[in-house]
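Chains as they are written, first to last, in the working numbering: chain A, 1 to 200; chain B, 1001 to 1200. We treat Cβ as the ideally placed atom computed from N, Cα and C, and that holds for glycine. Quick notes on the structure that follows.
Protein chains: 2
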Amino acid sequence: MARPRRSEHTREALIEAGIQQLAQFGYHGTGIKQILDEVKVPKGSFYNYFESKEAFVAEIIREYANNVLGELVEFTQSTRDAISPLGQIRAIYGYLMAKYEAVAYRHTCLIGSIAAEIGGQSELCQQAMSQSVNLWCEHIAQIVAAAQQDKQIRDDIPADQISALIWSTWEGSLLRMKLEGNSNSGRTTLSLLLEQLLKP
Amino acid sequence: MARPRRSEHTREALIEAGIQQLAQFGYHGTGIKQILDEVKVPKGSFYNYFESKEAFVAEIIREYANNVLGELVEFTQSTRDAISPLGQIRAIYGYLMAKYEAVAYRHTCLIGSIAAEIGGQSELCQQAMSQSVNLWCEHIAQIVAAAQQDKQIRDDIPADQISALIWSTWEGSLLRMKLEGNSNSGRTTLSLLLEQLLKP
């Protein structure tokens, strides 16, 4: 494998450190100086990589969302023959619930957290987040449509509307799980949605 | 009306200024110094009123939640004879949607925003938020139960579970509305939930 160019390597390191800081301290609590110190990049050279803190965070959001979506697509493809579509949806959210519970909700979905903090304040970040959410919802809608074909989810409602509902319910449940420090209410709410309300 | 004691007046002013700062800049972006400057309180005296920034924010959360819950209870009582329980639920969320859209989502539900930012990091704030959400959900559950008695909402699911689902779906929808800068998706999602999935 070719050694990455120095600048590309640094850029990646800045983004990686940025994801950690953002997840823990949010947009306003994330200082460019701390990130530069961590990656050992001189202060003046930040603007060689990114135009502004805002542009940097938008890039972080895109990178984070690409990773998460990549995992989602891979999981869906690799389990297609083993698990039913509804089983896949259960597994995706069950996995995420266990993952965030394991870190005691110190950090959860980066998109949801940043959306809550600056969703109405930065157009650049808003666009990056909105695109990410749309891609996620489109992918989940495909699984929902497959579950509708299998008669596992009611088919009197368009798959994209169901997918949007699942997204909102999941993000809101995540807030409640964070506050309560456990996944009980999230499990009840998601199960109510998937196993009762969406049943054919 | 008796003139409030100076200290009580200052305390209230600090909380009021804190609500504004928090709503706009989040927990990490809110500086005690700015708030003290705004209220014209000398730096040293902050700790006469609050033990720490964390305790201050927990107090802000309680005060904010009390106000919002007070409005909710008043609305419910004053419209009891004029609007059906389901109509009340529609009106409550319709009102909130219009209210946040009018400020272009620069600030929305303070509890949801702070929960997203530090929900897993501060026990004091977590408790204050968790109590607030429980009180809100209990009140909505009462309206849901009334709607179930009126055969406007299906009664095969406990009212408190439906109320928790509405809370999560609402908070998640709020994030999406923030990102999209309009209430379209929120309206579709809430209407899907209230008018289709929860129909008897």
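Worksheet item: Got a sec: is the Cβ-Cβ distance from B/Ile1157 to anything in chain A below 8 Å?
Response: Your numbering for residue 1157 of chain B matches position 157 in the second sequence. It does; some Cβ of chain A falls within 8 Å.
Fill in: Minimum C-alpha distance to B/Ile1143 - residue among B/Thr1169, B/Leu1165 and B/Leu1086
Residue 1143 of chain B sits at position 143 when you count from the first residue of the second sequence. When only C-alpha atoms are compared, the closest one is B/Leu1086.
Item to complete: With 9 Å as the C-beta to C-beta threshold (strictly closer), list the residues of the stretch 171-187 of chain A near chain B in chain order.
Response: Glu171, Gly172, Ser173, Leu174, Leu175, Arg176, Met177, Lys178, Leu179, Glu180, Gly181, Ser185 and Gly186
Worksheet item: Under 8 Å, do A/Glu117 and B/Glu1051 count as touching if we go by C-beta distance?
Response: Residue numbering aside, residue 117 of chain A sits at position 117 when the first sequence is read from its first letter. Residue numbering aside, residue 1051 of chain B sits at position 51 when the second sequence is read from its first letter. No, they are not a contact pair.
Worksheet item: From A/Leu194 to A/Gln34, what distance separates their C-alpha atoms?
Response: For this step, residue 194 of chain A is matched to residue 194 along the first sequence. For this step, residue 34 of chain A is matched to residue 34 along the first sequence. Roughly 43 Å separates the two Cα atoms.
Worksheet entry | Inter-residue spacing [alpha-carbon to alpha-carbon] between B/Ala1017 and B/Phe1046 | What you label residue 1017 of chain B is simply residue 17 of the second sequence in a count that begins at 1. What you label residue 1046 of chain B is simply residue 46 of the second sequence in a count that begins at 1. Approximately 13 Å, taken between the alpha carbons.
Practice prompt. Measuring only between beta-carbons, confirm whether B/Glu1016 sits less than 8 Å from chain A.
Written response: Within the second sequence, residue 1016 of chain B is the residue found at index 16, counting from 1. With 8 Å as the cut-off, B/Glu1016 does not count as an interface residue toward chain A.
Worksheet item: For the stretch 1123-1136 of chain B, which residues have a CB atom closer than 8 Å to at least one CB atom of chain A, in sequence order?
Response: Gln1126, Met1129, Ser1130 and Val1133
Worksheet item: Enumerated in chain order, which unbroken segments of the alpha helix (DSSP H) with a length of 4 residues or greater are wholly contained in the stretch 1019-1062 of chain B?
Response: 1032-1039 and 1046-1049
Worksheet item: In terms of residue numbering, what span does the alpha helix (DSSP H) encompassing A/Lys178 cover?
Response: Working through the first sequence from its first residue, we reach residue 178 of chain A at position 178. From DSSP, the alpha helix (DSSP H) with A/Lys178 extends over Ala159 to Glu180.
Discussion item. Which of the three DSSP states is assigned to B/Ile1083 in this structure?
Written reply: Taking the first residue of the second sequence as 1, we reach residue 1083 of chain B at position 83. The answer is coil: DSSP assigns B/Ile1083 none of H, G, I, E or B.
Item to complete: If I'm right that B/Ala1159 touches B/Gln1152 with Cβ under 8 Å, what's the distance once you round it to whole angstroms?
Response: Taking the second sequence and counting its residues from 1, one reaches residue 1159 of chain B at position 159. Taking the second sequence and counting its residues from 1, one reaches residue 1152 of chain B at position 152. About 12 Å; that fails the 8 Å criterion.
Fill in: Pairwise C-alpha distance: A/Ala82 and A/Tyr49
Your numbering for residue 49 of chain A matches position 49 in the first sequence. Your numbering for residue 82 of chain A matches position 82 in the first sequence. Roughly 44 Å separates the two Cα atoms.
Worksheet entry | DSSP-derived helix/strand/coil call for B/Ser1113 | Counting from one through the second sequence, the residue named residue 1113 of chain B turns up at place 113. Helix at B/Ser1113.
Practice prompt. Taking only beta-carbon positions, decide if A/Gln77 is within less than 8 Å of chain B.
Written response: As a position in the first sequence, residue 77 of chain A is number 77, starting the count at 1. No, because no Cβ of chain B sits closer than 8 Å to the Cβ of A/Gln77.
Item to complete: Within its chain, find whatever has a CB closer than 8 Å to the CB of B/Arg1187; leave out the 5 residues flanking it on each side and keep chain order.
Response: Your numbering for residue 1187 of chain B matches position 187 in the second sequence. Cβ neighbours of B/Arg1187 beyond the five flanking positions: Met1097.
Worksheet item: So with Cβ pairs under 8 Å, would you call B/Ser1084 a contact of chain A?
Response: Taking the second sequence and counting its residues from 1, one reaches residue 1084 of chain B at position 84. No, no contact with chain A.
Discussion item. For a contact defined as C-beta to C-beta under 8 Å, what are the partners of B/Tyr1105 on chain A?
Written reply: Translated into positions along the second sequence, residue 1105 of chain B becomes position 105. By Cβ distance, chain A contributes Gly119 and Gly120.
Discussion item. What would DSSP say about B/Leu1198, mapped onto helix, strand or coil?
Written reply: Counting from one through the second sequence, the residue named residue 1198 of chain B turns up at place 198. Coil, per DSSP.
Worksheet entry | Listed by chain order, chain A residues near B/Ala1116 by CB distance under 7 Å | Here residue 1116 of chain B refers to the residue found at position 116 of the second sequence. Here the neighbours are Gly112, Ser113, Ala116, Glu117 and Leu175.
Practice prompt. Taking 8 Å as the cut-off, decide whether the C-beta atoms of A/Gly26 and B/His1107 are in contact.
Written response: Residue 26 of chain A sits at position 26 when you count from the first residue of the first sequence. Residue 1107 of chain B sits at position 107 when you count from the first residue of the second sequence. No, the Cβ-Cβ distance between A/Gly26 and B/His1107 is not below 8 Å.
Worksheet item: At a Cβ threshold of 8 Å, is B/Met1001 touching chain A?
Response: Residue numbering aside, residue 1001 of chain B sits at position 1 when the second sequence is read from its first letter. Model confidence at B/Met1001 stands at a pLDDT of 49, short of 50, so the residue's coordinates are unreliable; what they give is reported in the following sentence. So no, B/Met1001 is outside the interface.
Worksheet item: So, is A/Arg176 buried or exposed, given that buried needs 16 or more other C-beta atoms within 10 angstroms?
Response: Locating residue 176 of chain A in the first sequence gives position 176, where the first residue counts as 1. Flag for A/Arg176 reads buried.
Discussion item. I need the straight-line Cα distance from A/Ala128 to B/Glu1059, nearest angstrom please.
Written reply: Counted from its first residue, the first sequence places residue 128 of chain A at position 128. Counted from its first residue, the second sequence places residue 1059 of chain B at position 59. In a straight line, the C-alpha of A/Ala128 is about 34 Å away from that of B/Glu1059.
Worksheet entry | B/Arg1062 versus B/Leu1190 - alpha carbon distance | Here residue 1062 of chain B corresponds to residue number 62 of the second sequence, with the count starting at 1. Here residue 1190 of chain B corresponds to residue number 190 of the second sequence, with the count starting at 1. One C-alpha to the other measures close to 27 Å.
Practice prompt. Drop a sphere of 10 angstroms on the beta-carbon of B/Val1073, count the other beta-carbons inside from all chains shown, and report buried for 16 or more, exposed for fewer.
Written response: Locating residue 1073 of chain B in the second sequence gives position 73, where the first residue counts as 1. When all chains shown are included, B/Val1073 counts as exposed.
Discussion item. If the criterion is Cβ atoms closer than 8 Å, does the pair B/Gly1119 and B/Glu1171 meet it?
Written reply: Here residue 1119 of chain B refers to the residue found at position 119 when the second sequence is read from its first residue. Here residue 1171 of chain B refers to the residue found at position 171 when the second sequence is read from its first residue. Going by C-beta atoms, B/Gly1119 is not nearer than 8 Å to B/Glu1171.
Fill in: Interface positions of the stretch 1187-1198 of chain B facing chain A (Cβ-Cβ less than 8 Å), listed along the chain
Thr1188, Thr1189, Leu1192, Leu1193, Gln1196, Leu1197 and Leu1198
Worksheet item: Span of the alpha helix (DSSP H) holding A/His139?
Response: For this step, residue 139 of chain A is matched to residue 139 along the first sequence. Where A/His139 is concerned, the enclosing alpha helix (DSSP H) stretches over Glu123 to Gln149.
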